[in-house]
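Numbers 6 to 174, taken from our numbering, label the letters of the sequence shown in order. This report concerns only the one structure given below.
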Amino acid sequence: MKYGVVIFPEKKIQDIANSYRKRYDPHYALIPPHITLKEAYDFDENHLNEATNHLEQISRETAPFEILLHKVSTFHPTTNVLYLAVQESEDIYSLHEQVNSGELFHESSYQFIPHITIGQKLPADEMHDIYGRLRMVNVQLKTRIDRFHLLYQLDNGSWTIYQTFLLRG
């Protein structure tokens with residue numbers, strides 16, 4: 006089964022992200038707007054208890070923090086993805102590093118760039134046109150991060166929460 010670890014931002018930010026995602030993201034109906042801490046991976050369910058213990062330990066040691074989404078950006082030319090970028094934050098990088106250690110360590114195929122995807126799988130011309138318009142938008146969205154979630158993927162491709170971990174460090 007595929008698992009992943011994500012942060013869901015506050016509802017007002019999800020609403021803003023969804024206003025773009027419903028037009029530009031084919032995964033709109035599969036998962037709410039999120040920041041991926043651990044990309045989707047196949048995980049042996051026999052190790053699920055160790056994984057949840059690992060995540061619980063991290064949540065006990067990590068204090069809640071705020072992040073700022075500060076611009077629209079793209080991963081082009083690597084992929085045609087548009088996203089809301091998270092301003093540099095030691096807290097989110099530290100949380101990502103902790104989640105991707107111990108029981109959940111495996112080599113990632115990408116460098117961690119915290120973001121909320123608002124468009125993907127777009128033809129290059131359309132992606133450039135949309136990005137040209139959106140990069141002019143002044144984005145200054147703060148959100149408090151006080152929890153993260155272990156998700157699993159259902160047979161229909163949608164994601165659902167397996168367990169939520171409250172930050173209480």
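Backbone N, C-alpha and C define an ideal beta-carbon position, used for all residues, glycine too. For clarity, every value in this text was computed on a predicted model and none was experimentally measured.
Closest by C-alpha distance to L127, out of P31, Y8, M6, is P31. Non-local beta-carbon contacts of T57 in its own chain, meaning distances under 7 Å to residues more than five positions away in sequence, involve L155, Q168 in chain order. Counting along the chain, H52 sits inside no alpha helix (DSSP H), nor does DSSP assign it H or E at all. CA-CA distance, A34 to R173, rounds to 31 Å. Of the candidates T148, M141, L87, L87 places its Cα closest to the Cα of R28. The beta carbon of T79 sits closer than 6 Å to those of L87, Y136, all from its chain and outside the five residues before and after it, given in chain order.
Sequence-distant partners of P14 (beyond 5 residues in either direction) whose C-beta falls short of 6 Å from its own C-beta, in its chain, are T148. Judged by beta-carbon spacing, P38 lies beyond the 7 Å limit of Q62, meaning their Cβ atoms are not closer than that value. Residue nearest to N143 within the set L42, I12, N23, K76 is K76 (criterion: CA-CA distance). Taking E71 as the centre and dropping the five residues before and after it, the same chain places the C-beta of K147, R149 closer than 6 Å to its C-beta, in chain order.
Per DSSP, the continuous beta strand (DSSP E) segment holding R152 begins and ends at 152-158.
Less than 7 Å divides the Cβ of L171 from the Cβ of R152. A direct Cα-to-Cα measurement between V11 and H81 gives close to 23 Å. A Cβ-Cβ separation of about 6 Å places K43 in contact with L109 under the 8 Å criterion.
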